[in-house]
Amino acid sequence: MENIKWLWSIMDKKYRKWHILALCISAVSSLMLLINPTLQKRLVDEVIVAQNPEPLLGILFTMLAVKFFHEGIRYFMVITLEKSSQNVIYNLRVRLFTRLQNQDTRFFDRNRTGDVMTRMSADTDWCRHFLSYIDYAAIDSVVMFLSTSIYLFWINWKLALALVCVTPMLMLITKVYSKGVRKLFMAMRERQSEMNAAAQENIAANRVIKAFAREEHEKEAFDKRSSAFREAHLNINKRWLTFFPFIEILANAMTLITVFFGGFLMIQGEMTAGDLTVFTSLSWALSVPMRQLGNLLNDWQRFITCSNKVMELEVAKPDIVDAPDAVDHERIKGEIEFRNVSFSHDKAPVLKDVSFKVAPGKTLAIMGPTGSGKTTIIQLLARCYEVKEGEILVDGCPIKRWKLNQLRDGIGTATQDVFLFSDTVEGNIAFGDQELAEEQVQDFARRAAAGDFIEELSDGYDTIVGERGVGLSGGQKQRIALARALAVQPGILIMDDTTSAVDMETEQYIQQQLRELPYDCTKIIIAQRISSVKEADEILILQDGAIAERGTHEELLKNRGYYYETFCLQNGIDIDDAKEAN
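Going by the numbering used here, the residue at position 468 of the sequence shown is 543; the numbering climbs one at a time, nothing skipped.
So, in structure tokens, the structure goes:
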């Protein structure tokens with residue numbers, strides 16, 4: 076019931092009233108199924124047996140009118156249920172998408188994209204299916220069975236009792252069937268999620284797969300997941316088909332009981348021909364709920380399984396949120412300070428007691444071997460993760476007291492791994508500021524050394540680029556990403572290997588443009604090229620999560636450490652000759 080209450084709370088109030096009305100119509104329409112069999116009783120007893128044609132037209136006209144009215148209100152009911160269920164799935168998807176937008180990075184580290192997409196699509200559709208079919212089908216079955224049973228008992232309790240005696244056997248079969256079936260549905264749901272995750276990863280990594288000629292391997296891997304999903308689905312169907320013949324036998328037994336025992340009672344004079352006609356007409360009203368019971372149980376279990384998955388996503392709360400004492404700030408001025416910051420990923424230490432300070436408008440460069448924690452520093456600065464020990468301050472205020480939107484809005488980030496949206500080039504550059512004028516878009520593209528090649532594209536700034544930047548080189552995508560970061564005019568500009576795929580001449584041009592930006596900002600440059608960092612006001616060398624060296628280009632060369640060795644390696648200089656070269 077908790078799942079139903081949750082689903083009900085998502086529906087708009089005006090649709091709740093219409094949904095309740097539709098369910099009431101479902102119950103009324105089920106009761107109306109007793110009218111025509113009653114009229115058939117009169118038709119047999121008062122017209123055919125009595126050989127009196129006078130009431131014939133009136134009875135036939137009434138039966139026809141009842142049928143038209145019944146179908147009319149059922150049509151209205153289905154339309155109403157469809158509207159209310161679509162309202163729920165619309166609200167649900169908006170809420171889920173909003174929830175995903177507010178989740179922190181750890182959530183996406185823990186959850187596979189394919190699984191999240193399954194929850195957003197197939198699982199939410201089963202929530203809609205409950206409101207558009209399962210609930211009214213259950214009401215139909217219950218009202219139909221109870222009203223028919225009472226009515227038949229009123230006509231002839233002996234024959235009605237004989238028919239209803241089949242019900243306990245059906246309940247026993249249902250109980251045996253339902254035992255453990257939820258585990259089967261949960262297993263099927265997991266196999267479906269794994270299959271969707273594999274498909275999503277293959278679509279996203281299609282270039283890598285082709286580059287390594289792994290199509291056949293991936294095809295076999297996907298075939299295994301698809302086969303596992305098929306087997307899970309078949310296991311459920313096999314379990315249902317094991318019990319289905321017994322349900323069919325019991326349902327058909329009602330017809331046999333009606334014919335033989337009803338005929339016997341009619342011979343004994345305890346029933347009229349019209350009474351037997353009613354039983355014959357309504358025996359299906361007792362058997363149909365029995366036939367539907369298995370399908371409804373299947374649908375119910377699948378609804379519970381899917382809705383639980385959706386509820387987990389809907390109630391998931393991010394770990395990183397605005398603090399109760401968070402204060403409003405104006406534009407970031409750019410002062411950054413790390414005070415004894417330590418951080419771990421799943422108990423694996425990444426940063427150890429890192430401290431540094433950057434004055435507004437200055438440039439900080441960070442170098443170090445792979446895995447030393449360079450990217451983690453900028454992720455902590457934007458509160459994608461929360462520091463374990465120590466404190467990070469921006470403009471003298473701890474970032475935990477900044478409102479997340481204001482903090483992240485003041486940080487422009489361009490990374491080596493570029494994601495471009497399925498939009499125009501202009502739309503991608505103006506992603507962070509939709510009000511940006513066309514002239515400004517072009518100016519920031521020029522500053523990122525992207526203006527020339529953009530104008531050579533088929534439609535210039537109106538050229539559509541895919542999420543993977545189809546038709547663009549790695550360097551071109553990086554420059555568009557840099558223009559996007561510049562366009563928000565941030566107080567802090569972060570460049571994480573942003574120029575790794577561009578030539579030296581282009582890199583020098585970009586560095587010159589960064590020094591002449593029309594607004595003040597603090598720059599953090601993460602790079603492996605000495606040419607990218609040597610003009611920074613301070614350079615940090617990270618090794619094993621700690622700051623091993625710090626200083627300017629000249630100071631670090633004198634230290635004869637990691638920076639010195641990297642300089643020699645990139646310039647083809649023997650270590651012993653490096654000092655003389657500088």
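Glycine is no exception: its CB is placed at the ideal position from the N, C-alpha and C atoms.
Being a predicted model, the structure only gives us computed values, none of them experimental.
According to DSSP, residues forming a beta bridge with residue i
i: Met-442; result: Ile-616
i: Thr-352; result: None; Thr-352 has no bridge partner.
i: Phe-418; result: Leu-426
i: Ala-272; result: Ala-272 is not bridged to any residue.
i: Thr-597; result: Ile-567
i: Ala-489; result: Met-570
i: Ile-539; result: Thr-499
i: Leu-468; result: Glu-412, Pro-473
i: Val-433; result: Ile-411
Residue i Cβ short of 7 Å to the ligand MN heavy atom set
i: Asp-492; result: With respect to small molecules bound, the structure shown includes none, and the ligand MN cannot be examined in it.
Environment of residue i [buried if 16+ CB atoms lie within 10 Å]
i: Thr-380; result: buried
i: Cys-99; result: exposed
i: Ile-95; result: exposed
i: Gln-645; result: exposed
i: Thr-333; result: buried
i: Ala-440; result: buried
i: Leu-316; result: exposed
i: Asp-190; result: buried
i: Gln-509; result: exposed
i: Gln-343; result: exposed
i: Met-270; result: buried
i: Glu-77; result: exposed
i: Arg-590; result: exposed
i: Asp-492; result: exposed
i: Asn-111; result: buried
i: Met-246; result: exposed
i: Gln-587; result: exposed
i: Gly-51; result: The structure shown does not extend to residue 51, since the chain is modelled only from 76 through 657, so no value can be given for it.
Supposed close pair residue i, residue j - CB separation, criterion 8 Å
i: Leu-106; j: Ser-224; result: Actually they do not touch by this definition, with Cβ atoms about 13 Å apart.
i: Asn-468; j: Glu-387; result: Sequence inspection shows Leu at residue 468; the Asn mentioned does not correspond to that position. Contact doesn't hold; Cβ gap of about 36 Å is too wide.
i: Thr-137; j: Trp-93; result: So it is not a contact: roughly 30 Å between Cβ atoms.
i: Asp-578; j: Thr-490; result: About 19 Å; that fails the 8 Å criterion.
i: Arg-264; j: Gln-376; result: The pair is not a contact, with the Cβ atoms about 10 Å apart (cut-off 8 Å).
i: Cys-202; j: Leu-309; result: Actually they are not in contact, since the Cβ atoms of Cys-202 and Leu-309 sit about 25 Å apart, beyond 8 Å.
i: Leu-357; j: Arg-314; result: About 31 Å separates the two Cβ atoms, so there is no contact after all.
i: Thr-199; j: Ile-248; result: Going by Cβ atoms, the distance from Thr-199 to Ile-248 rounds to 32 Å, so no, they are not a contact pair.
Between the CA atoms of residue j and residue i - distance to the nearest angstrom
i: Ala-398; j: Ser-84; result: 28 Å
i: Gln-126; j: Ala-97; result: 42 Å
i: Thr-641; j: Arg-554; result: 25 Å
i: Arg-499; j: Val-540; result: For clarity, residue 499 is Thr in the given sequence; the question names Arg instead. Approximately 6 Å, taken between the alpha carbons.
i: Ala-213; j: Ser-222; result: 14 Å
i: Ser-497; j: Ile-529; result: 16 Å
i: Val-119; j: Thr-352; result: 8 Å
i: Thr-180; j: Tyr-460; result: 7 Å
i: Cys-659; j: Ile-605; result: With the chain covering only 76 through 657, there is no way to say anything about residue 659.
i: Ala-653; j: Gln-551; result: At Ala-653, the pLDDT of 48 sits below 50, so the modelled position is not reliable and the matter cannot be decided from this model.
i: Ala-656; j: Gln-178; result: At Ala-656 the pLDDT is 49, less than 50, meaning the model places this residue with poor confidence; the figure from the coordinates comes in the next sentence. Their Cα atoms are separated by approximately 51 Å.
i: Val-608; j: Pro-444; result: 15 Å
i: Ile-114; j: Phe-144; result: Correcting the residue type first, residue 114 is Leu in the shown sequence and not Ile. The straight-line gap from Cα to Cα measures roughly 15 Å.
i: Glu-501; j: Lys-392; result: 34 Å
i: Tyr-638; j: Ile-284; result: 36 Å
i: Leu-135; j: Ala-235; result: 27 Å
i: Ala-524; j: Ala-623; result: 34 Å
i: Arg-91; j: Ser-159; result: 7 Å
i: Lys-598; j: Tyr-584; result: 16 Å
i: Gln-176; j: Gly-448; result: 26 Å
i: Leu-557; j: Thr-573; result: 7 Å
i: Asn-373; j: Ala-237; result: 29 Å
i: Arg-458; j: Gly-436; result: 21 Å
i: Ala-505; j: Leu-511; result: 6 Å
i: Val-390; j: Tyr-211; result: 27 Å
i: Ile-600; j: Ile-79; result: 52 Å
i: Leu-132; j: Leu-340; result: 30 Å
So, does the stretch 223-232 touch the stretch 146-157, judging by three or more C-beta pairs under 8 Å? no
When you compare the stretch 344-351 with the stretch 164-171, are there three or more beta-carbon pairs, one atom per stretch, that lie closer than 8 Å? no
Determine, using beta-carbon pairs with one atom in the stretch 359-373 and one in the stretch 185-192, whether at least three such pairs fall under 8 Å. no
Tell me, please, whether the stretch 192-208 touches the stretch 230-242 by the rule of three or more beta-carbon pairs shorter than 8 Å. no
Does the stretch 464-481 come close enough to the stretch 382-397 to have 3 or more Cβ pairs within less than 8 Å? yes
Would you call the stretch 482-495 in contact with the stretch 563-570, where contact means no fewer than 3 C-beta pairs closer than 8 Å? yes
Pairing CB atoms from the stretch 448-465 with CB atoms from the stretch 410-430, are three or more of them under 8 Å? yes
Are the stretch 616-625 and the stretch 582-595 in contact at 8 Å, needing three or more beta carbon pairs? no
Please determine if the stretch 325-339 and the stretch 286-298 are in contact, where contact requires at least 3 C-beta pairs separated by less than 8 Å. no
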